[in-house]
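As you go down the protein sequences, you meet chains A and B in turn. FYI, in the numbering used here the residues of the first sequence are 3 to 523. FYI, in the numbering used here the residues of the second sequence are 5 to 641. We treat Cβ as the ideally placed atom computed from N, Cα and C, and that holds for glycine. None of these values were measured; they are calculated from a predicted model.
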Amino acid sequence: MLLTLITFIPMIGIGLILCINRENKELIKKIAFVTALIGFLVSMKLFFDFSPNTHIMQFTENKEWIKSFGISYHIGIDGISLFLVILTTFLTAISILASWEITKRLKEYMISMLFLETGMIGVFVSLDLFLFYIFWEVMLIPMYFLIGVWGGPRRIYAAVKFFIYTMTGSVLMFIAILMLYFINGKTTGEYTFDLLKIYQLPIPVHLQLWLFLAFGLAFAIKVPMFPFHTWLPDAHVEAPTAGSVILAGVLLKMGTYGFIRFSLPLFPNASHYFVPLISWLAIIGIIYGALVAMVQDDLKKLVAYSSVSHLGFVMLGIFAFNTQGMEGGILQMINHGLSTGALFLIVGMIYERRHTRMISDFGGLSKQIPVFAVFFMIITLSSIGLPGLNGFIGEFLILLGTFKSNILYAVLATSGIIFAAVYMLWMFQRVMFNKLSNPENLKLKDLSKREIAILVPIILLIILIGVYPKPFLSRMSASVENLLATVNGVNEKKIMVQHSVSETTELTEKNKKQTAIAFRR
Amino acid sequence: MLNYIWLIPLFPLIGFLINGFFGKRISKNTVGYIACGAVGLSFIVAVLSFISLLQLTPEHRVFEKILYTWIDSGSFRAEVGFQLDPLSAIMILVVSGVGFVIHIYSTGYMHDDEGYPRYFSYLNLFTFSMLLLVLANNFLLMFIGWEGVGLCSYLLIGFWFEKKSASDAGKKAFVVNRIGDFGFILAIMLIFVTFGTIDFTEVFHAASDKSHMGIITTTTFTAITLLLFVGAVGKSAQIPLYTWLPDAMEGPTPVSALIHAATMVTAGVYMVARCNILYMLAPISMTVVAGVGAATAIYAASIGLVQNDIKRVLAYSTVSQLGYMFLACGVGAFTAGIFHLMTHAFFKACLFLGSGSVIHAMGGEQDMRKMGGLRAHMPRTYWTFVIASLAIAGIPPFAGFFSKDEILWKALTQGNILLWGIGALAAFMTAFYMFRLIFMTFWGESRVEEEVAKHLHESPGNMTFPLIILAFLSIIGGFVGIPLIKGWNKIDEFLSPVFGGHGAGEAVHHSVSLELGMMMVSIVIALAGIFLAYRMYIIAPGIPERLTERHQIAYRVILNKYYIDEIYDALIVRPIKNGANFLWKGFDVVVVDGTVNGAAYLVEQWSKVMRVIQSGYVRNYAFSMIIGLVIIFLFFM
Numbered sequence: 003m004l005l006t007l008i009t010f011i012p013m014i015g016i017g018l019i020l021c022i023n024r025e026n027k028e029l030i031k032k033i034a035f036v037t038a039l040i041g042f043l044v045s046m047k048l049f050f051d052f053s054p055n056t057h058i059m060q061f062t063e064n065k066e067w068i069k070s071f072g073i074s075y076h077i078g079i080d081g082i083s084l085f086l087v088i089l090t091t092f093l094t095a096i097s098i099l100a101s102w103e104i105t106k107r108l109k110e111y112m113i114s115m116l117f118l119e120t121g122m123i124g125v126f127v128s129l130d131l132f133l134f135y136i137f138w139e140v141m142l143i144p145m146y147f148l149i150g151v152w153g154g155p156r157r158i159y160a161a162v163k164f165f166i167y168t169m170t171g172s173v174l175m176f177i178a179i180l181m182l183y184f185i186n187g188k189t190t191g192e193y194t195f196d197l198l199k200i201y202q203l204p205i206p207v208h209l210q211l212w213l214f215l216a217f218g219l220a221f222a223i224k225v226p227m228f229p230f231h232t233w234l235p236d237a238h239v240e241a242p243t244a245g246s247v248i249l250a251g252v253l254l255k256m257g258t259y260g261f262i263r264f265s266l267p268l269f270p271n272a273s274h275y276f277v278p279l280i281s282w283l284a285i286i287g288i289i290y291g292a293l294v295a296m297v298q299d300d301l302k303k304l305v306a307y308s309s310v311s312h313l314g315f316v317m318l319g320i321f322a323f324n325t326q327g328m329e330g331g332i333l334q335m336i337n338h339g340l341s342t343g344a345l346f347l348i349v350g351m352i353y354e355r356r357h358t359r360m361i362s363d364f365g366g367l368s369k370q371i372p373v374f375a376v377f378f379m380i381i382t383l384s385s386i387g388l389p390g391l392n393g394f395i396g397e398f399l400i401l402l403g404t405f406k407s408n409i410l411y412a413v414l415a416t417s418g419i420i421f422a423a424v425y426m427l428w429m430f431q432r433v434m435f436n437k438l439s440n441p442e443n444l445k446l447k448d449l450s451k452r453e454i455a456i457l458v459p460i461i462l463l464i465i466l467i468g469v470y471p472k473p474f475l476s477r478m479s480a481s482v483e484n485l486l487a488t489v490n491g492v493n494e495k496k497i498m499v500q501h502s503v504s505e506t507t508e509l510t511e512k513n514k515k516q517t518a519i520a521f522r523r
Numbered sequence: 005m006l007n008y009i010w011l012i013p014l015f016p017l018i019g020f021l022i023n024g025f026f027g028k029r030i031s032k033n034t035v036g037y038i039a040c041g042a043v044g045l046s047f048i049v050a051v052l053s054f055i056s057l058l059q060l061t062p063e064h065r066v067f068e069k070i071l072y073t074w075i076d077s078g079s080f081r082a083e084v085g086f087q088l089d090p091l092s093a094i095m096i097l098v099v100s101g102v103g104f105v106i107h108i109y110s111t112g113y114m115h116d117d118e119g120y121p122r123y124f125s126y127l128n129l130f131t132f133s134m135l136l137l138v139l140a141n142n143f144l145l146m147f148i149g150w151e152g153v154g155l156c157s158y159l160l161i162g163f164w165f166e167k168k169s170a171s172d173a174g175k176k177a178f179v180v181n182r183i184g185d186f187g188f189i190l191a192i193m194l195i196f197v198t199f200g201t202i203d204f205t206e207v208f209h210a211a212s213d214k215s216h217m218g219i220i221t222t223t224t225f226t227a228i229t230l231l232l233f234v235g236a237v238g239k240s241a242q243i244p245l246y247t248w249l250p251d252a253m254e255g256p257t258p259v260s261a262l263i264h265a266a267t268m269v270t271a272g273v274y275m276v277a278r279c280n281i282l283y284m285l286a287p288i289s290m291t292v293v294a295g296v297g298a299a300t301a302i303y304a305a306s307i308g309l310v311q312n313d314i315k316r317v318l319a320y321s322t323v324s325q326l327g328y329m330f331l332a333c334g335v336g337a338f339t340a341g342i343f344h345l346m347t348h349a350f351f352k353a354c355l356f357l358g359s360g361s362v363i364h365a366m367g368g369e370q371d372m373r374k375m376g377g378l379r380a381h382m383p384r385t386y387w388t389f390v391i392a393s394l395a396i397a398g399i400p401p402f403a404g405f406f407s408k409d410e411i412l413w414k415a416l417t418q419g420n421i422l423l424w425g426i427g428a429l430a431a432f433m434t435a436f437y438m439f440r441l442i443f444m445t446f447w448g449e450s451r452v453e454e455e456v457a458k459h460l461h462e463s464p465g466n467m468t469f470p471l472i473i474l475a476f477l478s479i480i481g482g483f484v485g486i487p488l489i490k491g492w493n494k495i496d497e498f499l500s501p502v503f504g505g506h507g508a509g510e511a512v513h514h515s516v517s518l519e520l521g522m523m524m525v526s527i528v529i530a531l532a533g534i535f536l537a538y539r540m541y542i543i544a545p546g547i548p549e550r551l552t553e554r555h556q557i558a559y560r561v562i563l564n565k566y567y568i569d570e571i572y573d574a575l576i577v578r579p580i581k582n583g584a585n586f587l588w589k590g591f592d593v594v595v596v597d598g599t600v601n602g603a604a605y606l607v608e609q610w611s612k613v614m615r616v617i618q619s620g621y622v623r624n625y626a627f628s629m630i631i632g633l634v635i636i637f638l639f640f641m
């Protein structure tokens with residue numbers, strides 16, 4: 003029941019809010035926040051009760067839902083989705099606290115936020131394809147409203163662009179889900195949407211390729227991978243702060259999570275086949291995103307493009323098909339949620355004060371608002387991937403995994419760390435350093451207690467993951483190893499050996515382990 | 005005591021946290037005591053650890069203390085562990101010792117700065133990172149320290165961030181260092197893929213083992229060492245990545261002394277020395293290291309000849325001296341490289357702090373053309389400065405003589421005559437520009453502006469005391485490595501377990517008379533440099549002007565640092581920026597969004613056309629039916 007509880011706690015909050023007069027804003031805010039906070043605290047139980055020794059789904063619940071179509075309410079988590087669930091509850095609570103100054107249609111706003119939370123958690127815990135698809139689509143609606151109602155001046159354009167981009171992908175994915183359903187039915191005689199059962203299904207290679215593309219497009223848009231990324235800057239620029247935090251922190255992860263949960267285990271041959279394509283797009287995304295971020299004059303756009311770059315790293319790591327790459331990729335999903343989420347919070351805080359996000363309107367703020375400067379600096383450094391902070395662990399493991407499977411990819415991707423330093427530090431310099439020349443900025447007030455309370459937990463996690471990532475890595479390792487066995491297993495069976503790089507690397511790795519042990523003696 | 009080596013970096017970290025969080029709420033004095041105390045405690049523990057290490061027999065002088073497993077992913081493991089051996093022992097003594105002295109100096113130098121607590125928290129963070137760098141027992145932990153010192157360098161160069169030139173310089177330092185780190189991190193990955201571990205002991209053990217069996221090719225070793233060297237080139241400001249260091253002088257002068265002269269910039273040398281086993285297996289890399297070192301030594305020295313900013317002269321001098329250290333490593337004389345690293349830390353810190361004392365007295369003025377005759381006003385600064393200058397010029401018995409002569413000797417015997425020639429010429433230039441600096445600043449007629457002249461004064465005790473200590477070290481520092489007399493080259497003995505046989509280069513036997521002869525030659529070269537400076541700036545001060553007039557172009561090129569910054573800007577920075585702008589405005593907006601919006605536009609237009617047809621009038625539908633019929637009719641005709 004724990005997972006169901008976590009998924010639907012926000013719904014209880016919505017129920018309560020619905021009963022309150024819309025003028026009673028303080029109460030609405032408090033209920034929304036307390037709901038999200040409870041959701042987070044309950045989800046921490048998952049973290050502590052989670053057994054890191056098995057790859058089998060934990061906290062599972064499986065009830066028939068629409069029996070005639072083989073649809074069930076099947077949920078559960080493994081070492082991969084565990085962190086995404088917690089990230090969601092964590093960032094939702096943070097986002098609601100960051101929305102304290104919202105006045106326009108507050109009631110609807112909080113309802114949308116909580117509704118969104120349920121949708122997001124649902125996506126990460128679903129083990130039934132149909133259920134997954136419902137959550138996947140449901141979540142779009144509150145996000146659409148968050149951008150379209152509480153967004154900036156071009157919010158309608160951005161909301162529609164976001165919606166259409168995402169829908170294009172999801173439609174194809176739905177067709178693919180139906181195909182899986184029928185193939186499974188025909189092969190095994192059991193018509194079911196149950197993911198764990200469909201995992202067992204051997205799918206002919208040529209079909210895998212098409213299905214991979216259909217799923218892949220939906221996920222690639224969500225990630226977003228180059229060249230499907232142009233909805234992101236618009237959506238971010240127009241979305242309210244909390245919307246941006248959730249968008250960057252959680253929604254983008256659904257794309258990468260989708261690849262890990264569905265594409266890889268369902269279509270292992272196709273996954274191997276598409277390694278070069280995905281890797282090259284990821285590398286282009288890393289460098290392209292960084293370069294374009296460099297020349298932005300709007301802070302939010304800059305952060306948005308930096309996301310394209312960071313998510314490129316995640317994709318590259320996942321498609322390295324080895325332990326370090328995959329674990330690094332998953333860890334980097336969390337890291338990106340923290341540091342980029344925090345960057346959007348930072349930008350939001352400055353926007354609330356000055357009602358502008360143009361870099362050229364700032365300069366010299368460090369003098370005026372020193373506490374803000376410290377937080378901004380740490381978050382910037384985390385985003386750059388400074389060793390000792392969270393981003394480094396993820397990036398390094400990704401690059402190491404990539405290096406093992408393809409040196410050229412790794413070399414190209416590593417150049418991204420140089421560009422990251424360039425665009426982030428240049429931005430930081432133009433906003434925080436130099437002489438404070440714009441008199442408007444002299445009125446700026448430093449962070450309030452509430453704002454500090456928002457940022458401190460994120461900073462603590464940024465440092466914790468950087469210094470002691472073990473609690474995170476150890477919980478994901480069993481699931482990752484199992485996933486890799488599934489994906490790389492196909493190579494050993496020689497169904498398709500076109501792109502079987504990882505097998506040889508695994509072997510050499512074993513050799514090295516032995517030699518390394520020998521040296522220790 | 006060895007079990008507590010983790011305390012050495014811990015104290016400055018605590019100091020950083022206290023001053024970082026509460027620095028604004030406690031008094032300035034307390035901030036200073038905490039910062040200095042933290043580094044002082046580190047120094048005490050370092051000395052005690054050093055003594056404990058000496059009590060072990062030479063072959064057992066490696067101690068590892070592992071705190072916990074940091075990263076554990078599949079077959080990859082990285083620990084937070086510290087390693088004390090003769091090499092890291094020398095480094096922690098230099099870092100915490102010189103660091104402590106400079107902390108004390110800073111309490112005086114920065115006393116009136118409103119960013120006082122911020123300054124000391126950064127300085128403590130730097131000391132922590134640097135100690136982590138030299139104590140780490142594996143490549144990845146070393147990399148934390150490596151980037152950590154880079155971060156502190158960034159923060160401290162841009163300490164006066166309201167000055168655009170300062171914040172620019174800070175950013176430049178970080179980015180250029182990142183280019184080096186690009187190589188370093190690739191090297192770490194290649195090391196892991198090759199050896200299956202990143203632990204120093206295991207890697208070096210495996211390297212020396214495996215090479216005999218020929219499993220790992222020389223190409224791999226060459227690749228690893230060259231990539232590592234890219235990192236070293238960035239951190240230690242060698243050609244072509246040296247451009248950030250002269251700009252780094254925008255930071256407070258004690259920072260220049262500690263970070264950009266004595267410790268951080270030597271991290272590259274330390275790293276190459278640490279990986280000596282790998283380098284010895286890659287002859288090509290050794291040649292590259294020696295070549296880059298020699299080229300940088302003479303190139304930077306030549307720029308130093310004509311600079312007028314007192315700190316810039318010292319900055320180019322630092323680049324040049326670092327070149328010497330790499331030259332030493334490149335010819336296999338790692339001991340000589342580390343020896344010079346140590347003596348350089350003493351005399352260059354002394355020089356920078358001395359220049360800080362001058363700048364302090366001059367009210368912030370750094371242009372030597374506006375100085376002159378200062379020795380009368382600040383005798384302590386003057387005398388310590390002269391001692392340190394004699395040390396760097398290579399006059400016996402000062403510290404620099406022994407280490408520099410060792411390098412030149414090894415360049416001749418283990419390298420070739422060309423390397424020796426370059427090194428000797430750079431030594432001549434060093435002696436010249438250092439005494440040019442002394443003569444322009446402390447001697448001759450005063451060119452000080454009247455307003456400034458009224459306030460000329462010797463610096464307070466907490467600034468001159470460190471100068472005296474460092475000057476003292478610049479005198480005696482060289483005695484740990486006296487050549488030729490058996491048993492007097494202590495540093496060589498001490499370091500030999502780390503550098504194996506090859507550090508000392510015992511294999512090559514040359515006659516004592518040749519070594520003595522070469523020693524004389526280097527003394528003569530240094531004296532010649534000093535004399536030339538004396539002649540040009542004291543006896544006949546008109547010479548420099550006539551020279552610059554006669555060689556206008558050459559003078560301009562050198563004065564403008566060979567226009568390297570401008571060339572980089574035109575060839576690298578601008579094209580990237582323009583390219584990025586094109587990608588954004590050309591590709592993102594036009595191509596991708598054009599496609600997306602174009603698709604939407606087409607749908608819209610199409611529906612507009614279709615709307616016309618579906619007008620709702622029966623007559624229109626009838627008309628289109630007739631047209632349809634006609635078309636069908638025509639088709640079947």
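Using a CB distance cut-off of 8 Å, A:PRO389 counts as an interface residue toward chain B. Annotation: B:GLU453 is outside any alpha helix (DSSP H) and is labelled neither H nor E by DSSP.
Cβ contact annotation for A:LEU463 (same chain, cutoff 6 Å, sequence separation greater than five): LEU340, in chain order.
At a Cβ-Cβ threshold of 8 Å, B:GLY367 and B:HIS461 do not count as neighbours. By the rule that beta-carbons nearer than 8 Å mark a contact, B:GLY78 touches chain A. Looking at the backbone, the Cα of B:SER212 and that of B:ASN142 are separated by about 17 Å. Interface criterion met: the Cβ of A:SER417 is under 8 Å from a Cβ in chain B. Classified as buried, A:HIS57 has 16 or more neighbouring CB atoms from the shown chains inside 10 Å of its CB. Of the candidates A:LYS47, A:ILE223 and A:ILE82, the residue whose Cα lies closest to the Cα of A:THR325 is A:ILE82. Cβ atoms of B:PHE25 and B:SER46 stay farther apart than 8 Å, at about 20 Å. Three or more beta-carbon pairs separated by less than 8 Å link the segment 434-452 of chain B to the segment 533-542 of chain B, which places the two stretches in contact.
Annotation for A:ASN64: the continuous beta strand (DSSP E) segment containing it runs 60-68. If the five residues before and after B:PRO13 are omitted, its C-beta is found closer than 7 Å to the C-beta atoms of PHE132, LEU135, LEU136 and LEU139, all from its own chain and listed in chain order. For B:LEU230, the enclosing alpha helix (DSSP H) starts and ends at 222-239. Under the three-state reduction of DSSP output, A:LYS451 falls in the helix class. Around the C-beta of B:GLY590, fewer than 16 other C-beta atoms lie within 10 Å, and the residue is accordingly described as exposed.
Bridge partners of A:PRO389 according to DSSP: A:LEU391.
Judged by their CB atoms, A:VAL44 and A:ILE96 are not nearer to each other than the 8 Å cut-off.
For B:GLY272, none of the residues of chain A pass the 7 Å Cβ criterion, the least Cβ distance being about 17 Å.
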